[in-house]
Amino acid sequence: MDISTRQSDDPSVRQIALVGRFDAHEAPAFREHIDAAIADGATGLRVGLADVEFVDSTALAELIRAMKHCRERGGDVVLLTPSDPVRVILELTKLDAAFTIT
Amino acid sequence: MERRTASSSAVADRDDPVGLVTEALIDANDQLLAMYDLAAMTSQSLDESVAVSEIIERAKRVVMTDELFFVVDGWAVGSDESYAADDGATFDVSNAAGRSGILVARRPSRPFGTPERKLLRAIANLCLGAVHAARLHAEGVSDAVMQRDHDTASAIAVMSLPQWRPAIDGVSCFARSEPARSAGGDLFAFGVRDQVVSFVVGDVAGKGLPAAMMMTTVISAATAAFQLHGSAGPAAVLESIDEWVYDRLSDASLFVTLVAGDYDVEQGRIRLVNAGHSPVLFVRGDEVTQVDADLPPIGVFPVSDVAIGLEVQAFDVHPGDRLVVASDGFTEQCNPAGVPFGDPALERAMTTSGSIDEIGEGLFHTIDAFAGRAEQSDDRTLFILGADPSHGGLS
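The listed protein sequences derive, respectively, from chains A and B. Quick note: the first sequence uses the working numbering, first residue 1, plus one each step. Quick note: the second sequence uses the working numbering, first residue 1001, plus one each step.
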């Protein structure tokens, strides 16, 4: 999975773009990006999921972890336009009610 | 201090050129014998200090100096002497595994010639090889111990799954779990009180021993919850489990999808609460009803925060009806061509005729045949609870 992080217009928010398959193998790299962004002062993360073809439970756990970290700091994780497979998983698990999704 | 052989000393006092040449020839002969000794050496020791010391002692005779030592990680192997950067001739060596060392040689009386420097570099590589072999052995032993401990912990985790099944007249129950690795995060637990079977089926996020360790905690919490809150219904059981495990899950950045329910055989009714789990199916004949989640998995938010106004789902049970709770290890399993098994195939398997045991065993055979040589992608757990076709449930 390709992961890229960039600053958004709001200095406290980072844009994270994910491309590919997000599973247990990719989780450590994703966590590194999240931790680096938060250590750098980010309180909000906008995670692009339009190009993610698959997520497993480990990936969901990482998204939840990121959400909790951001909310502890007064921010939030926003999931941007999840792909259909990801949206189905979020709906089946009722996590669509836990996240802010645009 | 420079080393001279006993035989060369006997002619050392001669001043004439013949004497000097003879002395040099004797020294060269002694060096050749020492090189042969070094080349033929095979250390039996797996201790790096002993193995390197054996090489160094032979090498000292070859290069005719007592001041020879091999430095690894800043320390001279086999001694308490730390390495000083400006001492003697140094030969840095390293291997493809990333190990490195420095051979340090001192001979104040005369500098090392080019052939001797080549020889010293070869000796340095010999020493590095001995250190590498010794450390590989030590790492192998450590890995073997860790693997043994891992296997033991996995076996203990698997043992936490109940080995018994509810035995109530007219009720059939199938429950089986096959982890993708030696242990996994899938779980089920039962409680029986009078004519009511309480059950919990779930899936801890992730695989392997970390998920299995959390799984054992959830099973313990469920067993306690059946005892303390079973009579109050599935929502109370779920909330009780959450109170036990939420902080642990949150601290470990994990969650668990969970179905908590009960089957009142006398009333012919199954009730359940679904915290983010899928697939959950209610099967009557050829009709399959997907049971949607009521709230997110345990560990995302405290259940008490999200369960306000929660309504327990209820199903009247007729003879032959069955509740199926499976893990996504079935639907997401791909065959060698990369095609997933999928929900429709699971639903077809659950509507086949036969006893609940036959249906359950049949699915495991079917998924093995479907996967073929493809690796098992996730833990597989199947729970089926239902009324026997000829007995029990509502008429």
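Cβ atoms here follow ideal geometry from the backbone N, Cα and C, with glycine treated the same way.
Practice problem: Inspect the CB distances between the stretch 1217-1230 of chain B and the stretch 1276-1286 of chain B and report whether three or more fall short of 8 Å. | Solution: no
Quiz item: Taking all protein chains shown into account, do 16 or more other C-beta atoms lie within 10 angstroms of the C-beta of B:Ile1367, making it buried, or fewer, making it exposed?
Solution: buried
Quiz item: For A:Leu49, is the classification buried or exposed, using 16 other Cβ atoms within 10 angstroms of its Cβ as the cut-off for buried?
Solution: buried
Quiz item: Just by C-beta distance, which residues in the stretch 36-68 of chain A are closer than 8 Å to chain B?
Solution: Asp56, Ser57, Thr58, Leu60, Ala61, Glu62, Ile64, Arg65 and Lys68
Quiz prompt | Rounded C-alpha distance that separates B:Met1064 from B:Val1018 | solution = 22 Å
Quiz item: When the cut-off is 8 Å and only beta carbons count, does B:Thr1257 lie next to chain A?
Solution: yes
Self-check item: Selection from A:Gly20, A:Glu62, A:Ile89 and A:Arg6 that minimises the alpha carbon distance to B:Glu1332
Solution: From the listed residues A:Gly20, A:Glu62, A:Ile89 and A:Arg6, the smallest Cα separation to B:Glu1332 is found for A:Ile89.
Practice problem: Under the assumption that B:Ile1384 contacts B:Gly1354 (Cβ atoms under 8 Å), give the Cβ distance between them as a whole number of angstroms. | Solution: That belief does not hold up - the Cβ atoms of B:Ile1384 and B:Gly1354 are roughly 11 Å apart, past 8 Å.
Quiz prompt | Below-8 Å beta-carbon distance, A:Ala98 vs any chain B residue | solution = yes
Quiz item: With a CB to CB cut of under 8 Å and the five nearest residues on each side skipped, what residues in its chain are close to B:His1132?
Solution: Asn1095, Ala1097 and Arg1099
Quiz item: Expressed to the nearest angstrom, what Euclidean distance is found between the alpha-carbon atoms of B:Val1306 and B:Leu1295?
Solution: 7 Å
Practice problem: Evaluate contact between the stretch 27-39 of chain A and the stretch 56-66 of chain A, counting only Cβ atoms and requiring at least three cross-stretch pairs below 8 Å. | Solution: Enough Cβ pairs lie closer than 8 Å, so yes.
Quiz item: Between the C-alpha atoms of B:Pro1297 and B:Tyr1246, what's the straight-line distance to the nearest angstrom?
Solution: 10 Å
Self-check item: 7 Å CB neighbourhood of B:Ala1059 in its chain, flanking five on each side removed
Solution: Leu1038, Leu1068 and Ile1123
Exercise. Tell me where the alpha helix (DSSP H) around B:Ala1275 begins and ends.
Key: That residue, B:Ala1275, is in no alpha helix (DSSP H); its beta strand (DSSP E) goes Arg1269 to Ala1275.
Quiz item: Going by Cα to Cα distance, which pick from B:Arg1165, B:Ile1026, B:Asp1388 and B:Ile1055 is closest to B:His1318?
Solution: B:Asp1388
Exercise. Please confirm if A:Leu95 has its CB atom under 8 Å from at least one CB of chain B.
Key: yes
Quiz item: Counting Cβ pairs closer than 8 Å, one from the stretch 1210-1218 of chain B and one from the stretch 1269-1279 of chain B, do we hit at least three?
Solution: no
Quiz item: If we count the other Cβ atoms within 10 Å of its Cβ and call it buried at 16 or more, is B:Thr1352 buried or exposed?
Solution: The Cβ neighbour count for B:Thr1352, taken over all protein chains shown within 10 Å, is under 16; the residue is labelled exposed.
Quiz prompt | Exposed unless 16 or more other CB atoms sit within 10 angstroms - verdict on A:Pro11 | solution = exposed
Self-check item: Contact with chain D by A:Ala24, beta-carbon distance below 8 Å
Solution: Here the protein chains are A and B, and chain D is not one of them.
Quiz item: Under three-state DSSP, which class holds A:Thr93?
Solution: coil
Practice problem: Closer than 9 Å, Cβ to Cβ, to anything on chain A: give me those residues from the stretch 1292-1308 of chain B, in chain order. | Solution: Asp1292, Ala1293, Asp1294, Leu1295, Pro1296, Pro1297, Gly1299, Val1300, Phe1301 and Val1306
Quiz item: When DSSP labels each residue in this structure, what does B:Thr1366 get in the three-state scheme?
Solution: helix
Quiz prompt | Stretch pair the stretch 1143-1151 of chain B + the stretch 1168-1179 of chain B: three plus CB contacts closer than 8 Å | solution = no
Quiz item: Just how far apart, CA to CA, sit B:Thr1257 and B:Gly1185?
Solution: 10 Å
Exercise. Assign B:His1365 to buried or exposed, taking buried as 16 or more other Cβ atoms, counted over all protein chains shown, within 10 Å of its Cβ.
Key: A residue is called buried when at least 16 other Cβ atoms come within 10 angstroms of its Cβ; B:His1365 does not meet this threshold and is exposed.
Quiz item: Which residues bound the beta strand (DSSP E) around B:Ala1089?
Solution: Ala1089 to Ser1094
Exercise. Within the same chain, show all residues whose beta-carbon is closer than 6 Å to that of A:Glu26, passing over the 5 residues directly before and after it, in chain order.
Key: Met1
Practice problem: Give the secondary structure of B:Glu1287 by DSSP, where H, G and I count as helix, E and B as strand, and everything else as coil. | Solution: Of the three classes helix, strand and coil, the one that applies to B:Glu1287 here is strand, per DSSP.
Exercise. For A:Leu80, return the contacting residues in chain B, with the cut-off set at a CB-CB distance below 9 Å.
Key: Going along chain B, no residue has its Cβ under 9 Å from A:Leu80, so there is no contact; the nearest lies around 20 Å.
Practice problem: Using a Cβ cut-off of 8 Å, pull out every chain A residue sitting near B:Leu1254, in sequence order please. | Solution: The answer, in chain order, is Ala61.
Exercise. For B:Gly1392, name the three-state secondary structure that DSSP assigns.
Key: Any reading at B:Gly1392 needs caution, since the residue's pLDDT is 46, under 50, leaving its predicted position unreliable; the model's value is listed next. In the structure shown, B:Gly1392 sits in coil (DSSP, three-state: anything other than H, G, I, E or B).
Self-check item: Neighbour flag for A:Leu92 against chain B, beta carbons, 8 Å
Solution: yes
Quiz item: Of all Cβ atoms in chain A, is any one closer than 8 Å to the Cβ of B:Gly1101?
Solution: Not an interface residue.
Quiz item: In terms of alpha-carbon separation, which member of B:Asn1274, B:Leu1254 and B:Pro1302 lies closest to B:Ala1205?
Solution: B:Leu1254
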